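Taking it in order: structure first as structure tokens, then the write-up.
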């Protein structure tokens, strides 16, 4: 589906029209979250949204302050068996290998080219940063945007054999639309590279590039033959993860969200920043419990680790979504 | 006036309704820019807006891509006799002097307390940074927001004896509204501190905090007695000026604007980045030529210097506003 930038306007207008033309009772019967089972999470979401968006409600929040932030990997789309960003980096190393003969004998590039995941894993974060810098920097922002757009259009998930953009969670797409229809402004706040998300998030999530907060590398403005360019440098600018998420939210959005949605310890501080404040807030954690339809993981794996955040959810009454029991379908393609 | 965050939606809806109910001829007769004289700048603005927003036009630009960026100091409000940010810093030094007895004998603080502008000027950029750090850091983001809100509500411009928020340019307020009514999303891209603008821009300009790009210092997330806080550190994070403006635009907005409005050499690269690209773009420079109603300056003064940008305007066909001849009124209070 293509979702234009003025989706919020369109949805808002459509919603207002619906309200104006539909008897309240009929409206009450329409289900804004059809892919959610009628369990606690769905009820908690609807109760919160009605509470803050109803004029005259004691917990009413003015529309400008209805800011909702969403983690991306593992919250809006699949992050297993590896972050899509890493899949992109590995594909780029293979695609660029011919231009870098030295990679055949240099780690971690050699491991990537030989498919030696063990050695790659042993390279750790240092090796990962090397891969990211070698594949994400050294070109203009326009060039990188084209590389990402071309890749996301052709890359396929190894298990589901489908484009990564089809491995988004249908219940979360409905949640994004439901929030926007109720005057919320929806943002992505991800540890992933912001430039890797922006080329496709608008079409898939209906979230415009300017409402995406993410990790970034430094860029430098240069006039080249009279043409202004932004050149991507192999230097980390900002890591939008863990304690960096509230920092990124404050720097980019400039006001505190009232709803936050995540799935791992990387989202803990974002959930704390959002919910531990005056007024009404909502925090939700997507718990991956469905090995059959997607994946099951948290405490048992280093991947998308969910030790602290799950414990904090109990303490802070954040809603925890059990994917297996709370979601009727996982992906849009599951819709009958 | 209070302008809600959903101003864009409201304006868009109002505009659509107007279009639907008003004969084209009548609509054509309404003037969206009443405070602009019928000179070249106004004609150029209207021609551009109609060109890019008219369905079927060869130069039509989809609404999501109608991004307009505005410098703040000297473009949307008065920057003479000193940047409002500096006025804020000087006032804060005086207000905090009792808590810093050492300032009485330490420069540049002593100069501020003694009103010795000569010594203050001699302290240069190094002294300025010291003043900024001493007055903008060392508290939480919530505390700083309150300090700014209290200050902007009571501070007065020395010449006009009015709140700085009344020294915004009426023609530019009309331009902001006109662009939004035609599907543009308006952003501020200023060299000023982003946290100094966000508390009041929404009410004055109808621009929400999340659409303000500016200079910033580092913040650090901390849980204090179970309460999440962002603490402002005395470290520069980003200077959103000159070649930094395209960098800030790309990092924050993530797509290239099609219209840019500035008034000094600090806006040169932003204007280049916006206008020297494929498709239709618009660049405009506010030239301060009205010593009687506001100020007259550019090449003759180090302040708001306009050497390169004015020359580039001629080369790149950017529109240059001569405040004296092109604007009927300067401030909202001038409206009869």
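Protein chains in written order, with our numbering: chain B, 64 to 399; chain F, 64 to 399.
Ideal Cβ placement from N, Cα and C applies to all residues, glycine included.
As the structure is a prediction and not an experimental result, all values here were calculated from the model.
Keeping to the same chain, check which residues put their C-beta closer than 8 Å to that of residue 96 of chain F; ignore five residues upstream and five downstream.
-> 105, 108, 109, 234, 237, 238, 241
By DSSP, does residue 190 of chain B sit in helix, in strand, or in coil?
-> helix
Close Cβ partners of residue 390 of chain B (< 6 Å) along its chain, the five nearest in sequence each way excluded | 234
Taking only the alpha-carbon atoms, compute the straight-line gap between residue 428 of chain B and residue 245 of chain B and give it to the nearest angstrom.
-> This structure leaves residue 428 of chain B out entirely; chain B is present only between 64 and 399.
What do you get for residue 256 of chain B, buried or exposed, if any count of 16 or more other CB atoms within 10 angstroms of its CB means buried?
-> buried
Using 8 Å as the limit for Cβ to Cβ distance, is residue 317 of chain B near chain F?
-> yes
So what's residue 201 of chain B in DSSP terms, helix, strand or just coil?
-> Residue state for residue 201 of chain B is assigned as coil, using DSSP reduced to three classes.
Quick one, are the C-beta atoms of residue 136 of chain B and residue 218 of chain B less than 8 Å apart?
-> no
Using a cut-off of 9 Å between C-beta atoms, extract the partners of residue 286 of chain B located in chain F.
-> 332, 335, 339
Give a yes or no on whether the minimum CB-CB distance between residue 249 of chain F and chain B is below 8 Å.
-> no
Residue 204 of chain B CB to nearest chain F CB: under 8 Å?
-> yes
Simplified DSSP state of residue 297 of chain F, which is helix, strand or coil | strand
Where residue 381 of chain F falls: helix, strand or coil (DSSP) = coil
Amino acids of chain B, ordered along the chain, whose beta-carbon sits closer than 9 Å to that of residue 273 of chain F | 130, 248, 250, 273, 274, 315, 316, 317, 318
Short CB-CB distance (under 8 Å) between residue 349 of chain F and chain B = no
Among the residues of its own chain, which have a CB less than 8 Å from the CB of residue 170 of chain B, if the five just before and after it don't count?
-> The residues are 182, 186, 190.
Which of helix, strand or coil DSSP assigns to residue 286 of chain B | strand
Counting only beta-carbon atoms, is residue 7 of chain B nearer than 8 Å to chain F?
-> This structure cannot speak to residue 7 of chain B, because chain B is shown only from 64 to 399.
Within 10 angstroms of its Cβ, does residue 224 of chain B collect 16 or more other Cβ (buried), or is it exposed?
-> exposed
What runs of the beta strand (DSSP E), each 3 residues or longer, lie entirely inside the stretch 88-164 of chain B?
-> 130-133
Rounded Cβ spacing between residue 139 of chain F and residue 268 of chain F (contact assumed at less than 8 Å) = 7 Å
So, is residue 380 of chain F buried or exposed, given that buried needs 16 or more other C-beta atoms within 10 angstroms?
-> exposed
Does any residue of chain B bring its CB to less than 8 Å from the CB of residue 127 of chain F?
-> yes
What residues from chain F crowd round residue 357 of chain B, counting only those whose CB sits closer than 7 Å?
-> Those within 7 Å of residue 357 of chain B in chain F number zero; the least Cβ separation is about 29 Å.
What number of angstroms, rounded off, separates the C-alpha of residue 184 of chain B from the C-alpha of residue 178 of chain B?
-> Distance between the alpha carbons of residue 184 of chain B and residue 178 of chain B: 11 Å.
Straight-line CA distance for residue 301 of chain B to residue 280 of chain B?
-> In this structure, the alpha-carbon of residue 301 of chain B lies about 7 Å from that of residue 280 of chain B.
Thinking C-beta only, is residue 250 of chain F closer than 8 Å to residue 134 of chain F?
-> no
Any 3 or more C-beta pairs closer than 8 Å across the stretch 125-132 of chain B and the stretch 324-341 of chain B | yes
In whole angstroms, what is the alpha-carbon distance linking residue 159 of chain B and residue 175 of chain B?
-> 12 Å
Output yes or no for whether 8 Å exceeds the beta carbon distance between residue 141 of chain F and residue 313 of chain B.
-> Residue 141 of chain F is not a Cβ neighbour of residue 313 of chain B, given a cutoff of 8 Å.
Counting contacts by CB-CB distance shorter than 8 Å, is residue 221 of chain F in contact with chain B?
-> no
Show which residues of chain F have a CB atom less than 9 Å away from the CB atom of residue 265 of chain B.
-> 127
Same chain, Cβ closer than 6 Å to residue 376 of chain F, neighbours up to 5 away in sequence not counted = 348, 383
For the alpha helix (DSSP H) that contains residue 249 of chain F, what are its first and last residues?
-> Segment 248-256 is the beta strand (DSSP E) holding residue 249 of chain F; no alpha helix (DSSP H) there.
Rounded straight-line distance, which links the Cα of residue 357 of chain F to that of residue 306 of chain B = 45 Å
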